[in-house]
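Engineer: Those protein sequences? They're chains G and X, same order as listed.
In case it helps, the numbering used here puts the first sequence at residues 30 to 373.
In case it helps, the numbering used here puts the second sequence at residues 24 to 318.
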Amino acid sequence: MRARLGTGDGVRLGVIAALLLFCLLGLPGMLSTYWIDVLTLVAIYSVVALGLNVLMGRVGLVSLGQIAVLALGAWIAARLSFATGLPFPIVLLLSGVLTMVLGTVIGLPALRLSGLYLALITLMLAGTITVVLTATNFPNGGSGFLGYTDTDQGGTAMRRPSIAETDPAFYRYTVVVAAVLFLVALWHVRSKPGRAWAAIRQSEPAALAAGVNTTLYKLWAFALASFLAGVAGGLLAGSVGKLFTFQFSTRESILLLAVVLMGGIYSLWGALVAGAFMKLLPALLDDWGLPADLLTILFGVGILQVLLTAPGGLAQQFPRDMAKLGRALGRLFGRGSPAQEAAK
Amino acid sequence: MPSWEDFKPFIVTGLALGGVYALSGVGTVVLYRATGVLNLAFGAVGAMGAFISWSLIDRGTVPDGIAFLICILFGGVVTLAYGLAFGPPLAGRDPLVKATATLGLALIMLGAMSWIWSDKARSLNLPTTNSSFEVGDVLVNWTQVIAFALGVAVAAGTAAFLRFTNVGTAMRALASDREITATLGVPVLRVEAIAWLFSGLLAGASGLLLANLIGLDAATLTFLFISSLAATLIARLRSISVTLIAAIVVGLVSALVTPILEISQYRDMAPFVLATIALLWLSRHREISFARRAG
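Take a look at the structure:
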């Protein structure tokens with residue numbers, strides 16, 4: 030389908046392009062390596078959040094195991110990277126596709142279950158993946174199928190693409206890949222699958238009656254979310270080099286759910302906000318000398334607040350609040366408020 | 024393959040663990056049936072109670088017995104407070120939304136725990152852990168006995184309570200239809216409050232026992248609840264007796280795998296695998312159907 034562009038879309042596209050260019054060209058020069066690494070993680074986790082965002086916001090399915098799928102993707106990418114001399118983009122693509130296949134195979138029987146049971150079975154499967162990964166560890170250049178070696182040096186770091194060996198270069202690489210993946214998700218949402226998902230979310234019987242193959246499209250959503258998490262896993266493996274199981278705990282899965290809800294599930298921007306919540310905020314708090322646990326508490330409050338009062342999350346609430354603020358400011362300056370006069 | 028002798032001690036650990044799983048399983052099922060809320064913060068609340076108990080004992084401000092009691096009460100009070108504050112506004116929402124909201128409480132508890140009690144190895148010892156007796160040649164301590172006995176007793180008591188008392192009947196009615204139950208004159212909020220409180224007290228008790236049997240660690244205690252959740256899933260969040268049996272099986276299987284070295288490191292996934300298989304098996308004949316309650 031060819032989307033028609035109105036003037037609003039034109040402005041939006043311009044802003045997005047400018048933002049992207051700033052992220053690619055402006056930011057790396059302004060920040061230290063530490064913050065560039067943090068921003069790389071933000072980009073990676075927004076891709077993971079994007080998968081959950083589509084699942085929850087578009088189709089109405091909840092997965093409590095996206096972080097485990099991310100771990101699966103990272104494992105596959107690391108394994109492929111150590112076992113073969115494949116170029117990095119191929120490794121990324123393959124880890125995405127293989128994770129997608131695994132995610133779909135797991136998702137197929139689970140689709141018989143609905144709502145709450147589906148969410149709980151993803152929690153169980155995530156637990157299983159975590160236990161297996163704790164036992165096998167991540168490949169670090171060892172031999173055999175598992176590719177793990179228990180050395181003092183902690184093994185070899187996973188290689189990065191030749192054009193993006195340094196941290197700023199890998200950051201740019203990640204941002205570009207993430208932007209492409211956001212476009213993939215946007216295409217899905219704007220075209221046939223998106224309409225099918227919207228129908229399913231509204232009412233599954235109605236969607237079925239309208240001729241939507243509900244099983245196919247639900248599975249498609251799972252496949253897309255797993256693909257996104259798989260590619261993100263590959264990027265994560267390249268970014269941090271050495272992977273450890275504790276990075277992929279169940280707690281992280283719950284935190285991801287929290288930030289995706291807080292970011293907003295009805296807009297793809299929400300995924301970007303979620304990525305920033307997940308990785309940028311802890312780094313900022315750390316920088317300011319505040320405990321990161323404070324954030325866990327805030328995210329908990331955030332879940333409750335979103336579910337009770339603001340189902341659209343920040344991505345919807347923020348523009349609305351800004352518009353409100355704008356109107357309030359307009360009124361303030363239009364009238365010349367007494368408070369302002371008094372302040373002078 | 025290890026010999027029978029190697030398995031013996033793990034039967035005891037397995038039964039004790041199964042007893043605690045039954046305890047939290049019953050708490051989860053009762054709450055779910057009465058209010059439609061699957062409380063995913065169950066483990067976190069119990070863990071927080073155990074930590075508070077540990078702090079009180081560590082400072083020596085109160086006698087140990089009181090500290091243990093406070094752990095159980097903490098579970099009850101926090102769960103009840105959550106239920107009163109967030110139960111009614113979310114009552115009409117999908118079970119999935121209600122369950123997700125409890126994750127908020129779980130995160131608040133988790134954050135608070137790792138903030139106040141930084142990750143350091145601690146242990147909480149009930150006095151019953153120190154006295155033990157021998158069965159055959161296996162050492163059994165009284166905490167293990169209490170865990171198993173309490174699990175069985177609470178399951179049996181709850182089943183009887185739901186069957187024979189007025190409040191129990193009201194809870195079962197709520198499980199079928201909240202609106203109609205309210206129309207019939209059942210004080211819905213009060214019955215729900217009882218369910219929240221009861222479930223919370225069980226959360227506190229499970230937290231205390233697990234802290235003793237497994238160890239006092241926020242993440243472990245919080246996510247061990249997922250294992251007991253496996254038992255309730257096998258019971259499809261409905262049957263108390265199936266929950267009890269499933270809980271003991273889950274506890275036994277995860278403990279009995281320990282001496283088999285080849286798969287010992289995978290023992291923690293036993294509950295998840297059992298629950299997944301059970302869920303898929305139970306739903307094997309399900310066609311896509313949209314049979315929903317009217318209203």
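Each residue gets a CB set at the ideal place from its N, CA and C atoms; glycine is no exception.
By the DSSP assignment, the beta strand (DSSP E) with Asn164 of chain X in it spans what residues?
Structural biologist: Taking the second sequence and counting its residues from 1, one reaches residue 164 of chain X at position 141. First-last of the beta strand (DSSP E) with Asn164 of chain X: 161-164.
Engineer: Since Pro282 of chain X and Pro86 of chain X should fall inside the 8 Å C-beta cutoff, what is the C-beta to C-beta distance between them, to a whole number of angstroms?
Structural biologist: Counting from 1 along the second sequence, the entry for residue 282 of chain X is found at position 259. Counting from 1 along the second sequence, the entry for residue 86 of chain X is found at position 63. About 39 Å; that fails the 8 Å criterion.
Engineer: At a Cβ threshold of 8 Å, is Ala46 of chain G touching chain X?
Structural biologist: By one-based count along the first sequence, residue 46 of chain G stands at place 17. No, because no Cβ of chain X sits closer than 8 Å to the Cβ of Ala46 of chain G.
Engineer: Identify the contact partners of Phe328 of chain G in chain X, using a Cβ-Cβ distance below 7 Å as the criterion.
Structural biologist: Within the first sequence, the letter at position 299 stands for residue 328 of chain G. By Cβ distance, chain X contributes Leu130.
Engineer: Run down chain X in chain order and give the residues with a C-beta less than 8 Å from the C-beta of Leu333 of chain G.
Structural biologist: The residue given as residue 333 of chain G occupies position 304 in the first sequence. Result: Phe109, Ala124, Gly127, Leu128.
Engineer: Gly72 of chain X and Ile95 of chain X look like a contact to me (Cβ under 8 Å); what is the Cβ gap, rounded to whole Å?
Structural biologist: Residue 72 of chain X sits at position 49 when you count from the first residue of the second sequence. Residue 95 of chain X sits at position 72 when you count from the first residue of the second sequence. Gly72 of chain X to Ile95 of chain X, Cβ: 7 Å. Contact.
Engineer: Using a Cβ cut-off of 8 Å (strictly closer), state whether Ala78 of chain G contacts chain X.
Structural biologist: By one-based count along the first sequence, residue 78 of chain G stands at place 49. Output row for Ala78 of chain G: interface = no.
Engineer: Under a CB-based cut-off of 8 Å, is Met194 of chain X close to chain G?
Structural biologist: Here residue 194 of chain X refers to the residue found at position 171 when the second sequence is read from its first residue. With 8 Å as the cut-off, Met194 of chain X does not count as an interface residue toward chain G.
Engineer: So, does the CB of Arg316 of chain X fall closer than 8 Å to a CB anywhere in chain G?
Structural biologist: If you number the second sequence from 1, residue 316 of chain X lands on position 293. Only weak support exists for where Arg316 of chain X lies, its pLDDT of 39 falling under 50; the coordinates are left without a value.
Engineer: Anything in the stretch 83-110 of chain G with a Cβ closer than 8 Å to a Cβ of chain X? List those residues in chain order, please.
Structural biologist: Against chain X - using a Cβ distance shorter than 8 Å - the residues of the stretch 83-110 of chain G are Val91.
Engineer: List the residues that DSSP assigns as beta-bridge partners of Glu28 of chain X.
Structural biologist: Locating residue 28 of chain X in the second sequence gives position 5, where the first residue counts as 1. Its beta-bridge partners do not exist; DSSP assigns none.
Engineer: Consult DSSP for Glu157 of chain X and reduce its assignment to one of helix, strand or coil.
Structural biologist: Mapped onto the second sequence, residue 157 of chain X falls at position 134. Correct three-state label for Glu157 of chain X: strand.
Engineer: Are the stretch 179-193 of chain X and the stretch 106-122 of chain X in contact at 8 Å, needing three or more beta carbon pairs?
Structural biologist: No contact exists between the stretch 179-193 of chain X and the stretch 106-122 of chain X.
Engineer: If we ignore side chains and look at the alpha-carbon of each, how far apart do Gly304 of chain G and Ile65 of chain G end up?
Structural biologist: To locate residue 304 of chain G, count along the first sequence from 1; it is residue 275. To locate residue 65 of chain G, count along the first sequence from 1; it is residue 36. The alpha-carbon atoms of Gly304 of chain G and Ile65 of chain G are separated by roughly 14 Å.
Engineer: Output the residue ranges of the alpha helix (DSSP H) runs that lie fully inside the stretch 256-308 of chain G and measure 4 residues or longer, sorted by chain position.
Structural biologist: Fully enclosed alpha helix (DSSP H) runs of 4 or longer: 279-292, 298-304.
Engineer: Which of the three DSSP states, helix, strand or coil, is assigned to Leu233 of chain X?
Structural biologist: For the purposes of this step, residue 233 of chain X is taken as the residue at position 210 of the second sequence. It is helical.
Engineer: Over the uninterrupted alpha helix (DSSP H) stretch that includes Asp81 of chain X, give me the two end residues.
Structural biologist: Counting from 1 along the second sequence, the entry for residue 81 of chain X is found at position 58. 65-82 is the extent of the alpha helix (DSSP H) around Asp81 of chain X.
Engineer: Quick one: what's Arg145 of chain X bridged to in DSSP?
Structural biologist: Residue numbering aside, residue 145 of chain X sits at position 122 when the second sequence is read from its first letter. Arg145 of chain X pairs with X:Leu239.
Engineer: Any chance the stretch 118-130 of chain X sits against the stretch 135-147 of chain G, with 3 or more Cβ pairs inside 8 Å?
Structural biologist: Yes, they touch.
Engineer: Mind checking the stretch 126-146 of chain G against chain X and listing, in chain order, the residues whose C-beta falls within less than 7 Å of any C-beta there?
Structural biologist: Of all residues in the stretch 126-146 of chain G, Pro138, Arg141, Leu142, Gly144, Leu145, Tyr146 have a Cβ within less than 7 Å of some Cβ in chain X.
Engineer: For Ile229 of chain G and chain X, any beta-carbon pair shorter than 8 Å?
Structural biologist: In the first sequence, residue 229 of chain G corresponds to position 200, counting from 1. Taking Cβ atoms only, chain X never reaches closer than 8 Å to Ile229 of chain G, which makes this a no.
Engineer: Show which residues of chain G have a CB atom less than 7 Å away from the CB atom of Asp117 of chain X.
Structural biologist: Position 94 of the second sequence holds residue 117 of chain X. Per Cβ cutoff of 7 Å: Gly144.
Engineer: Is Tyr44 of chain X close to chain G? Criterion is C-beta to C-beta, closer than 8 Å.
Structural biologist: Here residue 44 of chain X refers to the residue found at position 21 of the second sequence. No - not a single Cβ of chain G is within 8 Å of the one on Tyr44 of chain X.
Engineer: Could you spell out the range, first to last residue, of the alpha helix (DSSP H) harbouring Phe328 of chain G?
Structural biologist: Position 299 of the first sequence, counting from 1, holds the residue named residue 328 of chain G. Segment 322-337, the alpha helix (DSSP H) holding Phe328 of chain G.
Engineer: Is the stretch 307-322 of chain G touching the stretch 219-233 of chain G, taking contact as three or more C-beta pairs under 8 Å?
Structural biologist: Segments in contact, no.
Engineer: Going along chain X in order, which residues have a C-beta closer than 7 Å to the C-beta of Val160 of chain G?
Structural biologist: Translated into the one-based positions of the first sequence, residue 160 of chain G becomes position 131. Those within 7 Å of Val160 of chain G in chain X are Tyr289, Asp291, Met292.
Engineer: Against chain X, does Pro311 of chain G count as a neighbour if the rule is that its beta carbon must be under 8 Å from one of theirs?
Structural biologist: On the first sequence, residue 311 of chain G is found 282 positions in, with the first residue counted as 1. Answer no: the Cβ-Cβ gap between Pro311 of chain G and chain X never drops below 8 Å.
Engineer: From this set, X:Ala254, X:Ala301, X:Leu224, X:Leu303, which residue's C-alpha is nearest Leu103 of chain X's C-alpha?
Structural biologist: Mapped onto the second sequence, residue 103 of chain X falls at position 80. Leu103 of chain X has its Cα closest to that of X:Leu224, out of X:Ala254, X:Ala301, X:Leu224, X:Leu303.
Engineer: If you drop the 5 nearest sequence neighbours on each side, which residues of the same chain put their C-beta closer than 8 Å to that of Leu336 of chain G?
Structural biologist: On the first sequence, position 307 is the one that residue 336 of chain G refers to. Contacts found: Leu290.
Engineer: Just the Cα atoms here: how many angstroms apart are Arg87 of chain G and Phe167 of chain G?
Structural biologist: Here residue 87 of chain G refers to the residue found at position 58 of the first sequence. Here residue 167 of chain G refers to the residue found at position 138 of the first sequence. Computed Cα separation, rounded: 33 Å.
Engineer: Tell me whether the beta-carbon of Val273 of chain X lies closer than 8 Å to the beta-carbon of Ala254 of chain X.
Structural biologist: For the purposes of this step, residue 273 of chain X is taken as the residue at position 250 of the second sequence. For the purposes of this step, residue 254 of chain X is taken as the residue at position 231 of the second sequence. In this structure, Ala254 of chain X lies closer than 8 Å to Val273 of chain X by Cβ.
Engineer: Could you give the distance in angstroms between the alpha-carbon of Arg141 of chain G and the alpha-carbon of Lys143 of chain X?
Structural biologist: By 1-based counting over the first sequence, the position of residue 141 of chain G is 112. By 1-based counting over the second sequence, the position of residue 143 of chain X is 120. Straight-line Cα distance between these residues: approximately 43 Å.
Engineer: Going by C-alpha distance, which of X:Ser277, X:Pro32, X:Val265 is nearest Asn345 of chain X?
Structural biologist: Outside the modelled stretch of chain X, which goes from 24 to 318, sits residue 345 of chain X, for which no answer is possible.
Engineer: Could you compute how far the alpha carbon of Phe74 of chain X sits from the alpha carbon of Leu147 of chain X?
Structural biologist: Residue 74 of chain X sits at position 51 when you count from the first residue of the second sequence. Residue 147 of chain X sits at position 124 when you count from the first residue of the second sequence. Answer to the nearest angstrom: the Cα atoms are 9 Å apart.
Engineer: Ignore the nearest five residues each way along the sequence and tell me which others in Phe211 of chain G's own chain have a CB closer than 7 Å to its CB.
Structural biologist: By one-based count along the first sequence, residue 211 of chain G stands at place 182. Cβ within range, chain order: Leu79, Leu297.
Engineer: Going by C-alpha distance, which of X:Arg290, X:Val35, X:Asp291, X:Gln288 is nearest Ser159 of chain X?
Structural biologist: Locating residue 159 of chain X in the second sequence gives position 136, counting from the first residue. Position check: residue 159 of chain X holds Gly in this sequence, whereas Ser was assumed. If we check each option's Cα against that of Gly159 of chain X, X:Val35 comes out closest.
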